[in-house]
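Worksheet for the structure shown next.
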Amino acid sequence: MMDDRIHMGAAHGTLTAGTDDDGRTPEDRAFLKTHGEALVIRLFAASKTLRLYDATNRATQRVLQEVMESLNSIMEREGRIFVRSSNSFLLLNEYRIPIEPQHYGPFEYWVGELQKKEVEAIEIGAATTPEEIAAFLSEFAKPDDGEDLFAGLEARLQAAGVHNIALTHYIERATQLTDVKRDLTADVRQESNRVYFRTVALMGNVLRTAEEKQILQVRKAKRLTQHMVDIIQTDESMLLGLASIKNFDAYTFAHCVNVCILSMLIGDRMRLDKADVARLGVAALMHDIGKTYIPSTILNSTGQLTDREWELMKYHTFFGVKELSRVNALREAVDSMFVAVQHHVHFNDNGYPQRAGGWKLRLFSRIVTVADYYDAMTAWRIYQKEPITPDQALLFILQNSGEIFDPFVVKVFIHAMGLYPVGTIVELDQGEIGVVTRQNGDSKLLHRPVVEVVRQEGDRAVRESIDLAERNPDGNYVRTIVRSLHESQVDLDRRLIFLADATVEAE
Ligand SMILES: [Fe+2]
Ligand SMILES: [Fe+2]
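So the sequence shown is numbered by numbering that gives the first Met the number 0: it starts at 0 and just counts up by one.
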């Protein structure tokens, strides 16, 4: 039975992006990660507290003390505190602080505020006092006014007696860099990572609050899916690559996000309206929300379910509707309700629940069924006997077209994914092993994607992009895929390719 029993309540992931090798030791990086993260979170907390109480209040004193502790330990070990924002990340002394999904709020706040104030970097001197930090945070939080935001802020800080904290204006650097070519793919990579992990974090919240029976955050989900549509319309490869990494700790949440991305890709390629694709995305995100009603012993069971357990399991479709009826944006939840109840109904009316007469199987549901099967099949599961590669999953979907799946949806899906979907690990005819990173736009070249090969040269790992559509002067293809491989068969981590500036830190 190919059901998508997802592991509810799994610890959420520590998905992180680090820096290039900058000569730091692993201990240095671990230090900067821990202390950088703490500093960002504490400054955030202090800024919030200062909005409620003045600097002499006990609560304020305590958070300021914590900020000082962070500053002192960083200064002691590093000799300097230089915080810079770049491409939606924060860097501490040029080390990119990894963002854990559950800490997205404080990071997003600072990146956004720095951008708004046109500040690129903040240097905090050794002599900085708690009073200066308080004055700095208060001035920083004041609403922007006037023409020259940066100069205005600097003047206010001077007037408030802040002398040990220096700001760098980003406009100055931006003009210096105008002749440097912007790397578009790097931007898409960052943006895709950002929106992907924000959505994973959101799903973490949604599934947890559903368990705690709070109000669902449908509007936030909608904003994120709208953002994803923009990326899909520009270059979907990075999002698909992220969706192909299934060995995240946060797979429970990532499954929902993957189904969302795949569904929206199908919707976009069907030329649905942008607004409809975003609505489809929300419905796909919420498709399994009814599983929060199923006991985790059943969800996580690796053995055969009893008949009773299986009956209960099937009820996650109805529980989904029940859960979605509680949302604050009911009108927007109607699509999601249909998908929740219909995503296990087959095109030929098999599956579950049984369809009562007159009920139409909606397009959104038919799309999500394909996306859900594909992601569930390609995920690594302890109870999955045979490992399935992405191209084998596609083949299964093709073979069941007209039975389980809507043939039109299948056709669109295969066109969008190619025969070797992004993330597939392949062996080439000259023996190299690589990962598919993008499709060749031409529909006659569905079997000739672009593959990234990682090769060991001495003690360096070298990455090379190979376009399998490329031909020799004699007209023959330079390289060809021999077969696909499962990740359990090779020593290759997709995370190295699809995470922004990837280093993945296991905790
Ligand atoms: Fe699912
Ligand atoms: Fe389901």
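The beta carbon of each residue, even a glycine, is placed where N, CA and C say it ideally should be. As the structure is a prediction and not an experimental result, all values here were calculated from the model.
From which residue to which residue does the alpha helix (DSSP H) around residue i run?
| i | result |
| --- | --- |
| Ser262 | Tyr250 to Arg268 |
| Glu138 | Pro129 to Ala140 |
| Glu331 | Leu329 to Gln341 |
| Ile230 | Val217 to Thr233 |
| Asn276 | A small fix is needed here, since residue 276 is Val in this sequence, not Asn. Per DSSP, Val276 belongs to the alpha helix (DSSP H) from Lys273 to Leu284. |
| Leu397 | Pro389 to Gln398 |
| Asp143 | Looking at the DSSP string, Asp143 is not in any alpha helix (DSSP H), and its letter there is neither H nor E. |
| His315 | His315 to Leu323 |
| Phe363 | Leu362 to Thr377 |
| Pro406 | Pro406 to Met416 |
| Leu239 | Ser236 to Ser243 |
Assuming residue i and residue j make a contact with CB atoms under 8 angstroms, what is their CB distance in whole Å?
| i | j | result |
| --- | --- | --- |
| Thr256 | Val217 | Position check: residue 256 holds Val in this sequence, whereas Thr was assumed. Val256 to Val217, Cβ: 15 angstroms. No contact. |
| Thr316 | His343 | 6 angstroms |
| Ile366 | Gly266 | 6 angstroms |
| Ser243 | Arg493 | 6 angstroms |
| Ile132 | Leu63 | 6 angstroms |
| Val481 | Leu427 | 6 angstroms |
| Leu201 | Leu223 | 6 angstroms |
| Glu119 | Thr167 | 5 angstroms |
| Met512 | Leu239 | As shown, the chain starts at 0 and ends at 506. That puts residue 512 outside it, with no answer to give. |
Would you kindly work out how many angstroms separate the C-alpha atoms of residue i and residue j, rounded to a whole number?
| i | j | result |
| --- | --- | --- |
| Asp275 | Gly289 | 23 angstroms |
| Leu362 | Met67 | 56 angstroms |
| Asp374 | Thr233 | 22 angstroms |
| Met263 | Leu279 | 6 angstroms |
| Asp334 | Gly401 | 23 angstroms |
| Trp109 | Val326 | 30 angstroms |
| Glu122 | Val421 | 42 angstroms |
| Val450 | Ile465 | 5 angstroms |
| Lys47 | Thr59 | 9 angstroms |
| Glu130 | Ser84 | 24 angstroms |
| Ser236 | Ala150 | 41 angstroms |
| Met336 | Lys219 | 17 angstroms |
| Arg320 | Phe30 | Before going further, note that residue 320 is Val rather than Arg in the sequence given. Looking at the two C-alpha atoms, the distance is approximately 46 angstroms. |
| Glu99 | Leu70 | 21 angstroms |
| Leu397 | Tyr103 | 39 angstroms |
| Asp143 | Glu112 | 10 angstroms |
| Gln391 | His34 | 45 angstroms |
Is the beta carbon of residue j closer than 8 angstroms to that of residue i?
| i | j | result |
| --- | --- | --- |
| Tyr419 | Pro386 | no |
| Ser483 | Val425 | yes |
| Glu117 | Tyr195 | no |
| Phe395 | Val369 | no |
| Asn204 | Leu498 | no |
| Thr291 | Leu206 | yes |
| Ala339 | Leu323 | yes |
| Ala283 | Cys259 | yes |
| Thr479 | Leu491 | no |
| Ile96 | Glu26 | no |
| Val281 | Ile230 | no |
Where does the unbroken beta strand (DSSP E) through residue i begin, and where does it stop?
| i | result |
| --- | --- |
| Leu484 | Ile480 to Leu484 |
| Leu166 | Ile164 to His168 |
| Glu426 | Ile424 to Leu427 |
Does any heavy atom of ligand 3 sit closer than 7 angstroms to the C-beta of residue i?
| i | result |
| --- | --- |
| Val338 | As far as ligands go, the structure on display features ligand 1 and ligand 2 and does not contain ligand 3. |
Could you give the uninterrupted runs of the alpha helix (DSSP H) lying entirely in the region 49 to 122, keeping only those of 4 residues or more? 57 to 77 and 103 to 115
Can you list the beta strand (DSSP E) stretches of 3 or more residues lying completely in the region 435 to 498, in chain order? 449 to 456, 459 to 466 and 480 to 484
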